[in-house]
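Q: First residue of the sequence shown: 1, per the UniProt record's numbering; consecutive thereafter.
Glycine is no exception: its CB is placed at the ideal position from the N, C-alpha and C atoms.
In this text the structure is predicted, and so the values were computed from the model without any measurement.
Below is one structure. I have some questions about it.
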Amino acid sequence: MMKTPGLAMTYAKLVMTTCFWGGTFVAAKLAVLEAPPFHAASFRFTLATLVLFSLVVLQWWGKGRQEPFPIPRGSRQIFGLFSLGLTGIFLYNAAFFTGLKFTSAANGSLVIAINPLVTALLSAVMLKERLRPSQVTGLVISFIGVVTVISRGSLEVLQQLSFNPGDMILLGAPLSWALYSILGKKVLGSFSPLVATAYATLFGTVLLIPAALTEELLGIGTAHFSLQGWLAILQLALLGTVLGFVWWYEGIQQIGPGRAAPFINMVPLFGCLFGVLLLGEQVTWPQLVGGILVVAGVACGTLSPSLRGTNENAQKVKPQQIKA
1 MMKTPGLAMT YAKLVMTTCF WGGTFVAAKL AVLEAPPFHA ASFRFTLATL VLFSLVVLQW
61 WGKGRQEPFP IPRGSRQIFG LFSLGLTGIF LYNAAFFTGL KFTSAANGSL VIAINPLVTA
121 LLSAVMLKER LRPSQVTGLV ISFIGVVTVI SRGSLEVLQQ LSFNPGDMIL LGAPLSWALY
181 SILGKKVLGS FSPLVATAYA TLFGTVLLIP AALTEELLGI GTAHFSLQGW LAILQLALLG
241 TVLGFVWWYE GIQQIGPGRA APFINMVPLF GCLFGVLLLG EQVTWPQLVG GILVVAGVAC
301 GTLSPSLRGT NENAQKVKPQ QIKA
């Protein structure tokens with residue numbers, strides 16, 4: 001039986017994790033003010049890769065080096081980890097940083113909040129998993145919420161399809177993350193979440209660096225980070241990626257994926273809050289209404305009786321990769 005102080009610490013870490021992830025939208029917005037999107041993403045994941053592999057080495061060393069160091073063996077494992085880097089790191093962050101260059105941090109956090117439901121929908125299509133009625137309802141509610149946000153509550157915007165390009169680009173992020181999550185189910189059969197994420201960031205960084213060099217060759221720009229810019233990169237790499245990842249899976253191990261999943265709903269709330277406090281963004285009524293619908297839809301799709309019961313079997317389940 002877990003002691004109450006330990007349980008309280010677990011909940012506190014999960015709240016802080018969603019706070020870190022909400023903060024990534026502001027940090028990314030600040031980073032792309034001083035560097036092109038792929039430059040910002042490259043700096044973020046180069047640093048994250050170094051730290052993650054340091055953790056992998058420490059974990060392996062702490063176990064007495066009784067097993068071989070975890071490295072991918074054979075083309076199947078290499079391709080699996082490369083596919084995670086391609087979808088969850090390269091494609092996701094291409095949409096994430098590029099979209100935030102043109103739209104607000106608040107809008108970004110609200111659009112990307114539909115990650116869990118897009119994953120459920122794509123899992124139904126690709127893996128033939130059954131969608132529960134609550135998930136279908138949640139998808140519809142969240143879709144209405146996202147449309148409200150990106151249309152700015154205007155029928156004229158919908159009729160003329162004159163959407164903010166950043167909002168439209170950001171829609172690629174939940175799709176990329178859904179593919180990453182589905183592919184991750186197979187890869188996690190061979191590697192721990194920490195090892196899989198370390199290799200995903202490595203392969204993703206290998207793809208991001210040439211893209212950053214291409215930005216420079218095309219005259220799009222290069223990185224000129226101020227102290228604020230470097231602090232944004234550190235937040236993205238250390239808090240949003242490394243520490244957020246570690247604390248999230250600690251939470252899953254302690255209370256199970258079912259009880260941890262609802263905390264994801266706090267990410268857009270923190271994203272909007274930080275956008276207002278740190279960037280001076282104005283929260284409009286379409287964002288407020290759309291945000292409520294998005295969060296309500298995600299809650300409807302994830303807070304089902306079957307999910308609540310998964311915590312009893314948490315140790316038997318490989319946790320699904322979630323937005324980090």
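Going by DSSP in three states, F45 sits in which element: helix, strand or coil?
A: To locate residue 45, count along the sequence shown from 1; it is residue 45. Three-state result, F45: helix.
Q: Please report the residue range of the alpha helix (DSSP H) in which T103 lies.
A: Indexing the sequence shown from 1 puts residue 103 at position 103. Where T103 is concerned, there is no enclosing alpha helix (DSSP H), given that its DSSP letter is neither H nor E.
Q: What residues in its chain sit with their C-beta under 7 Å from that of P319, if we drop five residues either side in the sequence?
A: Indexing the sequence shown from 1 puts residue 319 at position 319. Here the model assigns P319 a pLDDT of 38, short of 50, so the residue's position is not dependable and the matter cannot be decided.
Q: By how many angstroms is the C-alpha of K185 removed from the C-alpha of V283?
A: The count along the sequence shown starts at 1 and reaches residue 283 at position 283. The count along the sequence shown starts at 1 and reaches residue 185 at position 185. Between V283 and K185, the C-alpha separation is close to 37 Å.
Q: Measure the alpha-carbon distance for A232 versus A40 and round it to whole angstroms.
A: For the purposes of this step, residue 232 is taken as the residue at position 232 of the sequence shown. For the purposes of this step, residue 40 is taken as the residue at position 40 of the sequence shown. Their backbone Cα atoms lie some 10 Å apart in a straight line.
Q: Would you mind sorting W177 into buried or exposed? The rule is 16 or more other CB atoms within 10 Å of its CB.
A: The residue labelled residue 177 in the question sits at position 177 within the sequence shown. Per the 10 Å Cβ criterion, buried.
Q: Tell me whether A105 is buried or exposed, calling it buried when 16 or more other Cβ atoms sit within 10 Å of its Cβ.
A: Along the sequence shown, read from residue 1 onward, the residue named residue 105 stands at position 105. So A105 counts as buried.
Q: Around the Cβ of K63, are there at least 16 other Cβ atoms within 10 angstroms (buried) or fewer (exposed)?
A: Here residue 63 refers to the residue found at position 63 when the sequence shown is read from its first residue. Exposed, since its Cβ has fewer than 16 Cβ neighbours within 10 Å.
Q: Which complete alpha helix (DSSP H) runs does the UniProt domain "EamA" (165-299) hold, if anything under 4 residues is left out?
A: 165-170, 172-187, 193-217, 227-234, 244-255, 257-260 and 266-279
Q: Can you tell me the Cα-Cα spacing of G153 and S54, whole angstroms?
A: Looking up residue 153 in the sequence shown gives position 153. Looking up residue 54 in the sequence shown gives position 54. Taking C-alpha positions only, G153 is separated from S54 by approximately 47 Å.
Q: Can you tell me the Cα-Cα spacing of L155 and L110, whole angstroms?
A: Counting from 1 along the sequence shown, the entry for residue 155 is found at position 155. Counting from 1 along the sequence shown, the entry for residue 110 is found at position 110. Between L155 and L110, the C-alpha separation is close to 20 Å.
Q: Apart from the five residues on each side of it in sequence, which residues of its chain come closer than 8 Å, Cβ to Cβ, to V125?
A: Residue mapping note: residue 125 aligns to position 125 of the sequence shown, counting from 1. Hits under 8 Å: none found.
Q: Would you mind sorting P36 into buried or exposed? The rule is 16 or more other CB atoms within 10 Å of its CB.
A: The sequence position of residue 36 within the sequence shown is 36, counting from 1. Buried, by the Cβ-count rule.
Q: In chain order, what are the residue ranges of uninterrupted alpha helix (DSSP H) at least 4 long that sit wholly in the stretch 46-115?
A: 74-84, 92-102 and 105-112
Q: DSSP on G301, reduced to helix/strand/coil?
A: Position 301 of the sequence shown, counted from the first residue, corresponds to residue 301. Note: G301 maps to helix in three-state DSSP.
Q: Quick test of your reading: P72 and I78, contact by CB under 8 Å. State the CB separation rounded to the nearest angstrom.
A: Along the sequence shown, one-based indexing puts residue 72 at 72. Along the sequence shown, one-based indexing puts residue 78 at 78. Yes, they are in contact, since the Cβ atoms of P72 and I78 sit about 5 Å apart, within 8 Å.
Q: Reducing DSSP to helix, strand and coil, say where F143 ends up.
A: Within the sequence shown, residue 143 is the residue found at index 143, counting from 1. Reduced to three states, the DSSP call for F143 is helix.
Q: With distances taken Cα to Cα, identify the nearest neighbour of residue 325 among V242, L293 and Q228.
A: There is simply no residue 325 to check, as the chain begins at 1 and stops at 324 in what is shown.
Q: Does DSSP classify K128 as helix, strand or coil?
A: Here residue 128 refers to the residue found at position 128 of the sequence shown. Of the three classes helix, strand and coil, the one that applies to K128 here is coil, per DSSP.
Q: Determine the extent of the alpha helix (DSSP H) in which V157 is found, giving its start and end residues.
A: Counting from one through the sequence shown, the residue named residue 157 turns up at place 157. Run containing V157: L155 to Q160, per the alpha helix (DSSP H) assignment.
Q: Under 7 Å Cβ to Cβ from S190, same chain only, skipping five residues before and after it: list those, please.
A: Along the sequence shown, read from residue 1 onward, the residue named residue 190 stands at position 190. Contacts found: Q77.
Q: Where does A35 fall in DSSP's three states?
A: Counted from its first residue, the sequence shown places residue 35 at position 35. Under the three-state reduction of DSSP output, A35 falls in the coil class, being neither helix nor strand.
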